[in-house]
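For reference, the structure discussed in these notes is given below.
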Amino acid sequence: MENKPHEKTSPKDVFTHLLAIITLYTSAGTFINLLFKYINLGFPDALDFRDYWSRTAEFSSIRFAIATLVIVFPVYLITTRFLSKSYDRTPEKRNLRIRKWLIYLTLFLTAVTIIGDLVALVNNLLGGDLTIRFILKVLTVLFVAGSVFFYYYEDLKKHKTE
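Quick note, the numbering used here runs 1065 ahead of the 1-based positions in the sequence shown.
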């Protein structure tokens, strides 16, 4: 049995990986929220009698979502670029426990999100409550969660780790 040397996890590794995953989750959630707000504006609820106030709230939410994405998503890109360069210099870092735990947590959370999204779709279909607004929101969640899942799943396949 061959003993492979394991790279020690430093505080820098832990916090860099945490920063990457937190900014990923924030970016994904904010992007979903932003698209939901645009869907709400494009397909208003005919039963919502508070149209003026809800539209004002939608615009405020859109402004906050854009502000969040303008700051947080570039931080995610920079952090993942930094980590990628670190892996190129020291390939053993791909085996860091913090990295594997966070990737598998992300795969788990995105899979659960996709399952819940599909359950909501089937439930509304069976209840006769399908609207274009609802279908667009389901597709939004499927697209974002599916993209994140696919990216990290492919990364694991490409760089097989123990």
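Cβ coordinates follow ideal geometry from the N, Cα and C atoms, glycine included.
N- and C-terminal bounds of the alpha helix (DSSP H) containing residue 1219: 1197-1223
Segment contact, 8 Å Cβ cut-off, at least three pairs: the region 1199-1206 with the region 1099-1115: yes
Where residue 1076 sits in the DSSP three-state scheme: helix
Extent of the continuous alpha helix (DSSP H) to which residue 1181 belongs: 1162-1192
Which of helix, strand or coil DSSP assigns to residue 1124: helix
Stretch pair the region 1170-1189 + the region 1124-1134: three plus CB contacts closer than 8 Å: no
Within 8 Å, strictly: CB atoms of residue 1099 and residue 1127: yes
Nearest-angstrom beta carbon gap, residue 1159 and residue 1224 [assumed within contact, 8 Å]: 5 Å
DSSP state of residue 1134 mapped onto helix, strand, coil: helix
Three-state secondary structure assigned by DSSP to residue 1111: coil
For residue 1219, the nearest candidate out of 1077, 1150 and 1168 (CA to CA): 1168
Simplified DSSP state of residue 1155, which is helix, strand or coil: coil
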